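Undergrad:
Numbering (my numbering), first residue to last: 11 to 293.
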């Protein structure tokens, strides 16, 4: 019995030590990211044009877009459907190359990088959240995050520990071994948030993160994303149609017909958006 008790106590101490070590690793990675993130401007775009050409036909999607987004802020891109919001997000995230103009992220001109350099930069510095979740159906919640961390070079055991840590942060520790088909829409989006935050990328880019969710689930997801981003000093750039999200943003940028709207011309009335109502506060 003495041996069994000693063994049990030893196992408990080992688990506690492992948890402390993981929290320390995540904290140290956050501190490293913060040092690279304290330049003042996280995102700087200058004179962005985007033109799609098919044969002799051309379509201008973005016209002379210039904007600066400060480090550690939550920025919204809003506007009617077809205004170019998702295209601009894709350019700022290094997924699309602009026809003209430059984009600097964290002081790096990504428009001058090679495809390989750009892919590596995205992997290490940007966490993406999609409206369709983009989870692997055959993988559990924790495995979806582990895959992303292993792509960043994190060893399998450490990746699993960190994935469990972030699932706990989004309130899904008990769903770690569930497949996406067994999760609600809100839970899937929380897994996507955990995956985006894992590895502590300085930038989080979200495309309509509440579009596939009901009002309550959308509220939970946005509140969780913004709280975790603020706690970890991440910069969040979010495309949305939902005017209620304005209440959690530091700044809102409006697009219409591929152009930025001046503050005087970007009221919700003139852009045909509903008047914003704040998210209901959690009890």
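All C-beta atoms in this analysis are idealised placements derived from N, C-alpha and C, irrespective of residue type, glycine included.
No experiment lies behind these values; they were computed from the predicted model shown.
#1: So, with DSSP's three-state summary, where would you put residue 61?
#2: Around the C-beta of residue 162, are 16 or more other C-beta atoms found within 10 angstroms, so that it is buried, or is it exposed?
#3: Going by other Cβ atoms of all chains shown within 10 Å of its Cβ, with 16 needed for buried, is residue 257 buried or exposed?
#4: Please identify the residue among 208, 170 and 151 whose C-alpha is closest to the C-alpha of residue 188.
#5: Just grab the DSSP bridge partners of residue 54 for me.
#6: Starting from residue 140 and walking both ways along the beta strand (DSSP E), at which residues does that stretch end?
#7: Check whether the Cβ atoms of residue 147 and residue 190 sit closer than 7 Å, and answer yes or no.
#8: Comparing C-alpha positions only, which one of 77, 69, 51 and 52 sits nearest to residue 58?
#9: So the candidates are 186, 196 and 98; which of them puts its Cα closest to the Cα of residue 113?
#10: Does the beta-carbon of residue 119 have 16 or more other beta-carbons within 10 angstroms, so that it is buried, or is it exposed?
#11: Out of 182, 80 and 252, which one is the CA nearest neighbour of residue 91?
#12: Can you tell me whether residue 270 sits near the ligand SAM, meaning its C-beta is under 6 Å from at least one heavy atom of the ligand?
#13: Determine the DSSP secondary structure at residue 189, reduced to helix, strand or coil.
#14: Determine the burial state of residue 129: buried for a count of at least 16 other Cβ atoms within 10 Å of its Cβ, exposed for fewer.
#15: Going along the chain, which residues of its own chain have a beta-carbon closer than 6 Å to the beta-carbon of residue 121, five neighbours each way excluded?
#16: Would you check if the distance between the CB atom of residue 235 and the CB atom of residue 203 is smaller than 7 Å?
#17: Could you tell me how far apart the beta carbons of residue 89 and residue 265 are, in whole angstroms, since I believe they sit closer than 8 Å?
#18: On the three-state DSSP scale, how would you describe residue 216?
#19: Are there 16 or more other CB atoms within 10 angstroms of the CB of residue 226, so buried, or fewer, so exposed?
#20: Nearest to residue 101 by CA position, among 53, 186 and 126, is which residue?
#21: Are residue 297 and residue 84 closer than 7 Å when you measure CB to CB?
#22: Grab the span of the alpha helix (DSSP H) containing residue 102 for me, first residue to last.
#23: Need the endpoints of the alpha helix (DSSP H) that residue 231 sits in, please.
#24: If you count every other CB in all the chains shown that lies within 10 Å of the CB of residue 211, and 16 or more means buried, which is it?
#25: For residue 42, count the other beta carbons within 10 Å of its own beta carbon; 16 or more makes it buried, fewer makes it exposed. Which is it?
#26: Relative to the C-alpha of residue 62, which candidate in 96, 108 and 56 has its C-alpha closest?
#27: From the DSSP output, in three-state form, read off residue 68 for me.
#28: With a threshold of 16 other CB atoms inside 10 Å of the CB of residue 219, please say whether the residue is buried or exposed.
TA: In terms of the structure at hand:
#1: strand
#2: exposed
#3: exposed
#4: 151
#5: 78 and 114
#6: 136–140
#7: yes
#8: 77
#9: 98
#10: exposed
#11: 252
#12: With respect to the ligand SAM, the structure shown offers nothing to examine, as it has no ligands at all.
#13: coil
#14: exposed
#15: 112 and 113
#16: yes
#17: 4 Å
#18: strand
#19: exposed
#20: 53
#21: With the chain covering only 11 through 293, there is no way to say anything about residue 297.
#22: 95–102
#23: 225–241
#24: buried
#25: Bear in mind that a pLDDT of 40 at residue 42, under 50, signals an unreliable position, so the number given afterwards is only what the model happens to contain. The residue is exposed, with fewer than 16 neighbouring Cβ atoms inside 10 Å.
#26: 108
#27: strand
#28: buried
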